[in-house]
Amino acid sequence: MLDILAFIEQKRDGKVHDSIQIENFVRGCMDGSVPDYQIAAWLMAVYFRSLNSEELISFTRALADSGDKIVFPEDMVVLDKHSTGGVGDKTTLIVIPIVSSLGVPIAKLSGRGLGFTGGTIDKLSSIPGISLQLEAREFINQVMEIGCAISGHSKALAPAEGFFYALRDVTGTVPSIPLIASSIVSKKLAGGANRFVFDVKFGNGAFMKKKDESIALAETLVGLAKAFDKKALALLTNMNAPLGRWVGNSAEVQEALDVLRGDGPQDTRNLCLSLSAAMLLIADRVKTMEEGIACAQKAIESGKALRQFKKLIEFQKGRLSDAVLAGEEMMPLAGKIAEVKSDREGYITACNALNVGLALRKLGGGRMKKGENIDLTVAIELLKKTKDHVDAKEPMARIYFNNENSLEEALNLIRDAFVVGEAPPSSELLVERIIGID
């Protein structure tokens, strides 16, 4: 039997746990024999003392093995993509149909939004009738039949991960790289995929603000996946400004459809092409990123990607009209509109992604805590992006809202997000680097 006090003291003093200790600890946490206050003490010890690579592998394995697992045929290549979260990040809605239309199976387990970042499940929930909580057998069958599926996380998969995350959330231990990496990878291992692409963001609109922290997380994620014999790549991407022109659940589905039709904002399009290329590369379908980008572009131009999106939605019982798919009608948006105008002429030198995400939450489009209902129709349309010219009194953003209670706060956040200068800023790379390419 594990001496839990000695276990905590061991990590407090910077010593190393063995795999048996870690397995027994996780088991004790799940069966209730280890109280929350001692788990919290251990989490704080890990926050300050970290875990070495062997401890991290053991902890991740224990989380992944704590419940059910989705199992695909052993010789089948199955991909999953994970984003660390951002503002206006609708890439999953675009990348999944692109890559799966090219014959690469994707089993995507997604979450809901929390705080200022959005979640794929919330965005898809704006589509009438759609089923987003698939049973394991449904999930597997759909991937086998049409090449892709998107589902919310099941509590039966890696339940220990959810248990530890809930405690981390209330004990100030969320921003720990080993705890973040074990959380992400354990869920991916339980989800059945065997090759992963991680979109690790940095900047003011990202979970990890500092680039060096994001690099460390990306390297840890790739190394941890490879320790379980899973191929993995990580793209380090810039989230100092919102991605695309629309922020908001229903509105981001609209922008995803625009990109799949060959339109849409250049930054959204370019990032989705890079992510698609990385997935094709790790699936051994192409030899270079450039070849992958060209293949992804062809999938859009030929209409294959849009047709795959339609198939995915219909298979999961969602209803999208042909007019919406064709861009002749919009997804539902809130009925009231307000604008934020520039007080001077110049160039947009910055658009703070964090402010935009917080503004959407003020409008009811994001959560303060898990389980809250949100308004899927509120949105922020960015009429001006970084480097664009703007005239005095010209609108920079348009807000779609239903409730005026927090409107003024949202407007102030958007005003403060935009910085107007005399000259356009220098360009920043959207994809800073790719980690994991040999």
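Under the numbering used here, the letters of the sequence shown match residues -16 to 421, in that order.
Beta carbons are placed, not taken as given, at the ideal position from N, Cα and C, and that holds for glycine.
Practice task
Would you list the residues sitting across from L218 in a DSSP beta bridge?
Solution key: Numbered from 1 along the sequence shown, position 235 holds the residue referred to as residue 218. Its beta-bridge partners are D182, I417.
Exercise for the section: Leaving out five residues on either side along the sequence, give the residues of the same chain with a beta carbon under 8 Å from the beta carbon of D105. Expected result: Your numbering for residue 105 matches position 122 in the sequence shown. Answer for D105: R95, G96, N232, I357, L359, listed in chain order.
Practice task
Would you kindly check if the distance between the Cβ of I331 and the Cβ of V403 is under 8 Å?
Solution key: One-based indexing of the sequence shown puts residue 403 at position 420. One-based indexing of the sequence shown puts residue 331 at position 348. It is a contact, given that the beta carbons lie within the stated cut-off.
Problem - Element boundaries [alpha helix (DSSP H), containing I296] - result: Along the sequence shown, read from residue 1 onward, the residue named residue 296 stands at position 313. First-last of the alpha helix (DSSP H) with I296: 287 to 298.
Handout entry: Simplified DSSP assignment, three categories, for V403
Key = In the sequence shown, residue 403 corresponds to position 420, counting from 1. It is a strand residue.
Problem - Length-filtered (4 minimum) alpha helix (DSSP H) runs lying within the region 28 to 58 - result: 36 to 47
Handout entry: Option in F384, R350, G347, A375 with minimal Cα separation from E364
Key = Reading the sequence shown from its first residue, position 381 is the one you call residue 364. The residue with the shortest Cα to Cα distance from E364 is F384.
Exercise for the section: To the nearest angstrom, report how far apart S389 and V323 are at their CA atoms. Expected result: Looking up residue 389 in the sequence shown gives position 406. Looking up residue 323 in the sequence shown gives position 340. Straight-line Cα distance between these residues: approximately 15 Å.
Practice task
Determine the DSSP secondary structure at I160, reduced to helix, strand or coil.
Solution key: Residue mapping note: residue 160 aligns to position 177 of the sequence shown, counting from 1. I160 falls in the helix class under three-state DSSP.
Practice task
Decide if G227 is buried, meaning its Cβ has at least 16 other Cβ atoms within 10 Å, or exposed.
Solution key: Here residue 227 is taken as the residue at index 244 of the sequence shown, counted from 1. The residue is buried, with at least 16 neighbouring Cβ atoms inside 10 Å.
Handout entry: 8 Å contact criterion, which E6 and A45 should meet: CB distance rounded
Key = In the sequence shown, residue 6 corresponds to position 23, counting from 1. In the sequence shown, residue 45 corresponds to position 62, counting from 1. About 5 Å separates the two Cβ atoms, so the contact holds.
Handout entry: Cα-Cα separation, I397 to V230
Key = On the sequence shown, residue 397 is found 414 positions in, with the first residue counted as 1. On the sequence shown, residue 230 is found 247 positions in, with the first residue counted as 1. Near 12 Å, if we compare the C-alpha coordinates of V230 and I397.
Exercise for the section: Take D399 as the anchor and find which of V414, P407, N335, K376 has the nearest alpha-carbon. Expected result: Residue numbering aside, residue 399 sits at position 416 when the sequence shown is read from its first letter. The candidate whose alpha carbon is nearest that of D399 is N335.
Exercise for the section: List in chain order: all unbroken beta strand (DSSP E) runs of 3+ residues lying wholly within the region 58 to 101. Expected result: 62 to 66, 89 to 93
Practice task
Check the C-beta distance from A23 over to R(-5) and give it rounded, since I have them as a contact under 8 Å.
Solution key: Looking up residue 23 in the sequence shown gives position 40. Looking up residue -5 in the sequence shown gives position 12. Not really, about 13 Å apart at Cβ, beyond 8 Å.
Handout entry: Span of the alpha helix (DSSP H) around G11
Key = As a first step, residue 11 is located in the sequence shown; it is residue number 28 there, counting from the start. Taken as a continuous stretch (DSSP letters only), the alpha helix (DSSP H) holding G11 covers 2 to 14.
Handout entry: F147, DSSP secondary structure in three states
Key = Here residue 147 refers to the residue found at position 164 of the sequence shown. In the structure shown, F147 sits in a helix (DSSP, three-state: H, G or I).
Problem - Own chain, CB closer than 7 Å to L316, minus 5 neighbours either side, in chain order - result: In the sequence shown, residue 316 corresponds to position 333, counting from 1. Once the five neighbours on either side are set aside, the close Cβ partners of L316 are S233, A234, T360, A362, Y383.
Problem - Exposure of T271, with buried meaning 16 or more beta-carbon neighbours within 10 Å - result: As a working note, residue 271 is residue 288 in the sequence shown. Counting Cβ neighbours within 10 Å, T271 comes out exposed, since fewer than 16 surround it.
Practice task
Using a threshold of 8 Å, state whether the C-beta atoms of S49 and V9 are closer than that.
Solution key: Here the question's residue 49 lines up with position 66 in the sequence shown. Here the question's residue 9 lines up with position 26 in the sequence shown. In contact: S49 and V9 (Cβ atoms closer than 8 Å).
Handout entry: Separation of L240 from E249, as counted between CA atoms
Key = Numbered from 1 along the sequence shown, position 266 holds the residue referred to as residue 249. Numbered from 1 along the sequence shown, position 257 holds the residue referred to as residue 240. Contrary to the premise, residue 249 reads as Gln rather than Glu in this sequence. If I take the Cα positions, the gap works out to 14 Å.
Problem - Minimum Cβ-Cβ distance from V29 to chain C less than 8 Å - result: Among the chains of the structure shown, chain C does not appear; only one protein chain is present.
Problem - Whether L26 touches C131 by CB criterion (8 Å) - result: Counting from 1 along the sequence shown, the entry for residue 26 is found at position 43. Counting from 1 along the sequence shown, the entry for residue 131 is found at position 148. It is not a contact, given that the beta carbons lie outside the stated cut-off.
Problem - Residues bridged to G340 (per DSSP) - result: Against the sequence shown, residue 340 aligns to sequence position 357. Looking at the DSSP assignment, G340 forms no beta bridge with any residue, so it has no partner.
Handout entry: Inter-residue Cα distance where the pair is K213 and I113
Key = The residue labelled residue 213 in the question sits at position 230 within the sequence shown. The residue labelled residue 113 in the question sits at position 130 within the sequence shown. Rounded to the nearest angstrom, the two C-alpha atoms are 31 Å apart.
Practice task
Could you say if the region 344 to 356 and the region 192 to 207 meet the contact criterion of at least three C-beta pairs nearer than 8 Å?
Solution key: no
Exercise for the section: For R178, count neighbouring C-beta atoms within 10 Å of its own C-beta (all shown protein chains included) and say buried if the count is 16 or more, exposed if not. Expected result: As a position in the sequence shown, residue 178 is number 195, starting the count at 1. It counts as buried.
Handout entry: Candidates R416, G329, A375, E415: closest to P408 by CA position
Key = By 1-based counting over the sequence shown, the position of residue 408 is 425. With distances taken between Cα atoms, P408 lies closest to G329.
Practice task
Could you say which of G188, L172, V168 lies nearest to A201 if we only look at CA atoms?
Solution key: In the sequence shown, counting from the first residue as 1, residue 201 sits at position 218. Closest option to A201, Cα to Cα, is V168.
Problem - CB of D182 within 8 Å of CB of S66, strictly - result: Position 199 of the sequence shown, counting from 1, holds the residue named residue 182. Position 83 of the sequence shown, counting from 1, holds the residue named residue 66. Cβ distance < 8 Å, so D182 and S66 count as in contact.
Problem - Supposed close pair V78, M191 - CB separation, criterion 8 Å - result: Counting from one through the sequence shown, the residue named residue 78 turns up at place 95. Counting from one through the sequence shown, the residue named residue 191 turns up at place 208. That belief does not hold up - the Cβ atoms of V78 and M191 are roughly 21 Å apart, past 8 Å.
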